[in-house]
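Chemist:
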Amino acid sequence: MLSTAVRMIPKWQNPRGTFTLLLWSLLLINFPFMIWKALCVFTGSSHPIMVVISESMAPAFTRGDLIFLWNRQSWVHAGEIPVCWFPGKPLPMVHRAIKSVWLDGKEQFTLTKGDNNDGDDVPLYPPGQLMVGRDEVVGVVKGYLPYLGWLSIGLQENPLVTGSVIGGLLLLAAA
Numbered sequence: 074m075l076s077t078a079v080r081m082i083p084k085w086q087n088p089r090g091t092f093t094l095l096l097w098s099l100l101l102i103n104f105p106f107m108i109w110k111a112l113c114v115f116t117g118s119s120h121p122i123m124v125v126i127s128e129s130m131a132p133a134f135t136r137g138d139l140i141f142l143w144n145r146q147s148w149v150h151a152g153e154i155p156v157c158w159f160p161g162k163p164l165p166m167v168h169r170a171i172k173s174v175w176l177d178g179k180e181q182f183t184l185t186k187g188d189n190n191d192g193d194d195v196p197l198y199p200p201g202q203l204m205v206g207r208d209e210v211v212g213v214v215k216g217y218l219p220y221l222g223w224l225s226i227g228l229q230e231n232p233l234v235t236g237s238v239i240g241g242l243l244l245l246a247a248a
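If you use the working numbering, the sequence shown closes out at 248, no skipped numbers anywhere.
(1) Quick one: give me the first and last residue of the beta strand (DSSP E) that I251 is part of.
(2) If you run the structure through DSSP and keep just helix, strand and coil, what is K179?
(3) Name the residue from Q181, G178, M123 whose alpha carbon lies nearest to the alpha carbon of G137.
(4) Cβ atoms of Y217 and I14: under 9 Å apart, would you say?
(5) Have a look at F134 and K179 and give me their C-alpha separation to the nearest angstrom.
(6) Have a look at D188, A246, F115, L96 and flag the residue whose alpha-carbon is nearest the alpha-carbon of N144.
(7) Tell whether a beta-carbon distance below 9 Å holds between D188 and S129.
(8) Pull up the DSSP beta-bridge partners for G192, would you.
(9) Beta carbon of L142, beta carbon of P160: below 9 Å?
Right, here's the structure in full:
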């Protein structure tokens, strides 16, 4: 005798449910990357959001501040805060532009200085370089949120925090 009651099959045992679960999982994994790429296109910067990791720009920015970059302007003007990334350097430099010069109206070079530093940044530039080229600027700071970057700093500097976050995410995914 056939039972008229329908047995509920868990989604992971049903082929259609498994496929749906897989698609949702892929969407959740890829969504942050899609948002990041959309921000890159919108801002014109390869790194539209960064975390301040030193006190060289205090009191404007302190360690752990989240900064937002914009790279759709042609020139960097004195007083603005460009983020410079030199080839071969592991981290960028976030310092205020104190002087900008143009060569033949085409090439721009900028001298920078940290607000909390005594002198300009020439000693921090690659050997033989006296100013930052416009092509070395990944963006100009247009806004910031204080303290929100501490999670990123904690994940990079403390393996216990990293392990705890990954473990928590795995437990959440398994539930």
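Think of the CB as a built atom: it goes at the ideal place given N, C-alpha and C, for glycine as much as any other residue.
Modeler: Reading it off the structure:
(1) For the chain, the structure presents residues 74 to 248; residue 251 sits outside this window and is missing.
(2) Translated into positions along the sequence shown, residue 179 becomes position 106. It is coil, neither helix nor strand.
(3) What you label residue 137 is simply residue 64 of the sequence shown in a count that begins at 1. G137 has its Cα closest to that of M123, out of Q181, G178, M123.
(4) Because residue 14 is not part of the residues shown, which for the chain are 74 to 248, the question remains open.
(5) Here residue 134 corresponds to residue number 61 of the sequence shown, with the count starting at 1. Here residue 179 corresponds to residue number 106 of the sequence shown, with the count starting at 1. Using only the alpha carbons, I get a separation of about 31 Å.
(6) Locating residue 144 in the sequence shown gives position 71, where the first residue counts as 1. Cα-wise, what sits closest to N144 is F115.
(7) For the purposes of this step, residue 188 is taken as residue 115 along the sequence shown, with counting starting at 1. For the purposes of this step, residue 129 is taken as residue 56 along the sequence shown, with counting starting at 1. It is a contact, given that the beta carbons lie within the stated cut-off.
(8) Position 119 of the sequence shown, counted from the first residue, corresponds to residue 192. DSSP lists no partner for G192.
(9) Taking the first residue of the sequence shown as position 1, residue 142 is located at position 69. Taking the first residue of the sequence shown as position 1, residue 160 is located at position 87. No, the Cβ-Cβ distance between L142 and P160 is not below 9 Å.
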